[in-house]
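Those letters in the sequence shown? Residues 185 to 1096, per the working numbering, in order. All C-beta atoms in this analysis are idealised placements derived from N, C-alpha and C, irrespective of residue type, glycine included. Structure first, then comments.
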Amino acid sequence: MRLFVSEGAPGSLPVLAAAGRARGRAELLISTVGPEECVVPFFTRPKIPVLQLDSGNYLFSTSAICRYFFLLSGWEQDDLTNQWLEWEATELQPALSIALYYLVVQGKKGEDVLGPLRRALTFIDHSLSRQNCPFLAGETESLADIVLWGALYPLLQDPAYLPEELGALRSWFQTLSIQEPCQQAAETVLKQRGVLALRPYLQKQPQPQPQPNPPEGRVVSNEPEEEELATLSEEEIAMAVTAWEKGLESLPSLRPQQKPVLPVAGERNVLITSALPYVNNVPHLGNIIGCVLSADVFARYSRLRQWNTLYLCGTDEYGTATETKAMEEGLTPQEICDKYHTIHADIYRWFNISFDIFGRTTTPQQTKITQDIFQRLLARGFVLKDTVEQLRCEHCARFLADRFVEGVCPFCGYEEARGDQCDKCGKLINAIELKKPQCKVCRSSPVVKSSQHLFLDLPKLEKRLEEWLGKTLPGSDWTPNARFIIRSWLRDGLKPRCITRDLKWGTPVPLEGFEDKVFYVWFDATIGYLSITANYTDQWERWWKNPEQVDLYQFMAKDNVPFHGLVFPCSALGAEDNYTLVKNLIATEYLNYEDGKFSKSRGVGVFGDMAQDTGIPADIWRFYLLYIRPEGQDSAFSWTDMLLKNNSELLNNLGNFINRAGMFVSKFFGGYVPEMVLTPDDQRLLAHITLELQHYHQLLEKVRIRDALRSILTISRHGNQYIQVNEPWKRIKGSEAERQRAGTVTGLAVNIAALLSVMLQPFMPTVSATIQAQLQLPLPACRILLTNFLCTLPAGHQIGTVSPLFQKLENDQIESLRQQFGGGQLEESLELKAKVSPKPAVVETVTTAGPQQIQILMDEVAKQGNIVRELKAQKADKNQVAAEVAKLLDLKKQLALAEGKPLETSKGKKKK
């Protein structure tokens, strides 16, 4: 491929930044040409930038070229990004062209330049603030970010044109500007001359015409696009009305519930697994959102769709971690497993996780199936023997499992790297490669000893894996991070992996000479899904040896991706026994805790059993964890943010709407849903809600759980606005026509509440059931969610007693919880605390810093700024606001120091 760019051509900025992101994905030659050079043979006028593909075809749209590079990087297209690109072309570019022309060609300054663009900049700022994400389309940088950054950079790189009050825009712009591909693009195009580098190019362009002002009386809205109602066709409205009028008769018969759940020919059979949690400790909130809660949402959604669904999980019980915990507590390994399996089960039961099976790996079925797979691999030549040097602790008289060795990472120098993987750089490590290794049990220095072991010959299986991935990944819903992790393993070349360990507590190795060894847990833990199913039903093979009829979804945090997306598939492909392999691998990033990190081995963060003692209901925990689910990048649990989301989104938005809708039925109509005579405006509302419902389905089918939750909140906001505009509490006191209008508004609102109760079921099952009980929603409507909005509460339907759904979280309550569970102090109250005390993760004040540190600080400033704005908007307690403002000022001070700026003494606000 060949990319043609030109100095001073604005379109060259985003394409160079996008090309930098895709570096190494394909051979690319970048040619800098003059602005007058025609590089596309069938164009009569110069056109820059241009991408000439290997096929000889040309791309000459800036957004099309950027899209091509993003697709090379493994990026997946989404609707929100496409909406931003359309907005950039139709709204931003016309205004930006005028601003740049005024500044560069006509020499205007200040508000003359900023005026035409202010509305667009405010729109971006409001969108970023409203969705509380660092980037335009979510938690990770997207195509839209690069295209808009490239368009705006020539102007906004001058701080005079980046309004101070637009904090979210400023943070977004600075975050992108310090990234290396963006910095290099700016250097290539502007040559350190700033916006003046564009003058030769702009002088050759026709003068852009100012956009006409909005018609008189029309209010210009800066609300984010996703909050505005879309334009609807008459056909869409008519279809929505038809579906609404059919009501309950549209619902299919409930599918019969079978025990055990088994695949059914001709139906969609969905098999869902959560990564098996280690049995030897208590799961924390990061574990819960990373696998079991995310999978539970999808399992509940699958059942609402009437898909034949089996959801399973269980405790991973073998390995040295269990042996060591047993030694610590003076129990046998089996007793430890029994104890902690019960703890896990109780926690998940409290969180309302709807497993069909919650099993365990210490069973005869686990031994039988693991040994069978091993024997098949051995017979087919996929198992090697080799001598391994291992670390042995002479003081403890045992070979040390990888996770019980700690030392300095040989790659990045991190001082607390484990013996299998470095938490900081993510690289896999052989324990003997660690510098300054220590036994984590007794802190003595282990010695290297030799032992013969068995290896899975992954290089021999690599071609089979590549072929399987080639068939599986296109059209699947593997998350981008899962795709990247597997591809990076393959790019580096697979190596034989040891599958045995010198332990006693594990699945025995059925091979002569290896009787004193067990299988390494990373080999047999994923086989636990099969054995757990086999303990549920003796027909387990109908799920696990049936790839033609079963869709397998596997949920996990990203550190588990190699074992589910590479190791187990290689084992299953090598066993040649028609195993069902993962079709959709759903991996989250990590959830942090306040300013630190969760860690099983170090005991930092809020644990599942303690969440029960906070007095906050399980559904509120579910809601908040799903609201901040780390889908695209790491996210953080924050007590302050939890308070804000509960009080704003649940109490003031969702709860307020559903309670008002139900109370109007009770208060004004005696508890019976009134007659509804829909106006054209009502019919349009039906269509808008139908569209949002269909968007919800699209998101959940793609397992975009967090975004689907926002669709529920959007419908609730539409409902609140509908009630507020129509004021049924006033109309009920008026004429007969007014009373009828009040009835229509109330009836439609309570049906929206009924719809929300079903949409909520995957996320907040107890709240969902409470709403449905209050509204006396018919059973079929509770169990099935179609893609159309139906009238499920017809006129004359009697509802039950309505009461508030949510309680306000108070500042002093949350502050008390923050102190109780603050930072790394939580483990002090744990009976089962870890032996190694964690070092709290804090942002250190620095005098000089690299781009990565600066970016982290800018993210923290933006995040804290959002907290302060939300508190002020809520008119929170002055002391709390002052405390959060103090944190913001301290972060800004750290950022200034990191950027090498002198600290200014406060002189009060300057008058402008």
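Start and end of the beta strand (DSSP E) containing residue i?
i      : result
Leu640 : Val631 to Leu640
Ile456 : Asn453 to Ser458
Cys606 : Neither: Cys606 is in no beta strand (DSSP E) and is coded neither H nor E.
Cys966 : No beta strand (DSSP E) holds Cys966; the alpha helix (DSSP H) holding it covers Leu963 to Arg967.
Arg186 : Arg186 to Val189
Asp570 : Val567 to Cys577
Gly918 : Per DSSP, Gly918 belongs to no beta strand (DSSP E) and is neither H nor E.
Arg544 : Ile541 to Arg544
Who pairs with residue i in a beta bridge, going by DSSP?
i      : result
Glu819 : Per the sequence presented here, residue 819 reads as Ser, with Glu not at that position. DSSP output for Ser819 lists Leu775 as bridge partner(s).
Asp500 : Tyr462
Pro692 : Val702
Cys682 : Phe639
Arg602 : Glu590
In the DSSP assignment, find the unbroken alpha helix (DSSP H) run with residue i in it and report its ends.
i      : result
Val199 : Ser196 to Arg205
Asp891 : Ile889 to Asn910
Asp309 : Glu295 to Gln315
Gln250 : Residue 250 is actually Cys in this sequence, not Gln. Segment Thr246 to Leu256, the alpha helix (DSSP H) holding Cys250.
Leu657 : First-last for Leu657: undefined, no H or E at that position.
Cys596 : Segment: none, Cys596 is in no alpha helix (DSSP H) and carries neither H nor E.
Ser215 : Taken as a continuous stretch (DSSP letters only), Ser215 belongs to no alpha helix (DSSP H), being part of the beta strand (DSSP E) at Leu213 to Thr216.
Helix, strand or coil: how does DSSP classify residue i here?
i       : result
Val404  : Because Val404 sits at a pLDDT of 30, beneath the cut-off of 50, its placement in the model cannot be relied upon, and the point is left open.
Val751  : helix
Ile824  : For the sequence presented, residue 824 should be read as Thr rather than Ile. Helix, per DSSP.
Lys523  : helix
Pro621  : strand
Glu885  : helix
Ala741  : strand
Phe1005 : coil
Arg487  : helix
Ile553  : helix
Ala979  : coil
Phe990  : coil
Gln1048 : helix
Asp176  : Past the edges of the chain, shown from 185 to 1096, lies residue 176, and the structure says nothing about it.
Arg582  : strand
Leu769  : strand
Phe535  : coil
Lys388  : coil
Leu235  : strand
Asn719  : helix
Val589  : strand
Asp342  : coil
Output the distance between the C-alpha atoms of residue i and residue j, rounded to the nearest integer angstrom.
i       : j       : result
Thr772  : Glu260  : 16 Å
Arg925  : Lys1076 : 53 Å
Glu325  : Asp480  : 28 Å
Glu295  : Trp356  : 22 Å
Tyr139  : Ile889  : Residue 139 falls outside the range modelled here, since the chain spans only 185 to 1096, and no answer is possible.
Ile711  : Ala510  : 24 Å
Glu650  : Leu212  : 25 Å
Lys619  : Phe588  : 14 Å
Thr554  : Lys767  : 22 Å
Gln277  : Gly855  : 54 Å
Phe1005 : Pro858  : 49 Å
Thr415  : Leu870  : 13 Å
Pro864  : Asn266  : 30 Å
Leu724  : Thr717  : It is Trp, not Leu, that sits at residue 724 in the sequence shown. Taking the straight line joining both Cα atoms gives about 6 Å.
> Would the region 964 to 978 and the region 863 to 878 be scored as touching if the rule is three or more Cβ pairs under 8 Å?
Replying inline: yes
>> Does the region 438 to 454 come into contact with the region 730 to 750, if we say contact requires no fewer than three beta-carbon pairs (one atom in each stretch) closer than 8 Å?
In response: yes
> For the region 420 to 434 against the region 460 to 475, are there 3 or more C-beta pairs whose distance is under 8 Å?
Replying inline: no
> For the region 193 to 211 against the region 356 to 374, are there 3 or more C-beta pairs whose distance is under 8 Å?
Replying inline: yes
>> Could you check whether the region 324 to 331 touches the region 822 to 832, counting it as contact only if at least three pairs of C-beta atoms, one from each stretch, sit closer than 8 Å?
In response: no
>> Taking contact to mean 3 or more Cβ pairs, one atom from each stretch, closer than 8 Å, check whether the region 276 to 293 and the region 226 to 245 are in contact.
In response: no
>> Between the region 549 to 569 and the region 610 to 617, can you find at least three pairs of beta-carbon atoms closer than 8 Å?
In response: no
>> When you compare the region 488 to 502 with the region 519 to 534, are there three or more beta-carbon pairs, one atom per stretch, that lie closer than 8 Å?
In response: yes
> Does the region 979 to 996 come within contact of the region 955 to 965, defined as at least 3 CB pairs closer than 8 Å?
Replying inline: yes
> Given 8 Å as the limit, is there contact between the region 838 to 846 and the region 930 to 940, that is, 3 or more CB pairs closer than that?
Replying inline: yes
> With a cut-off of 8 Å, do at least 3 Cβ pairs link the region 619 to 630 to the region 578 to 585?
Replying inline: yes
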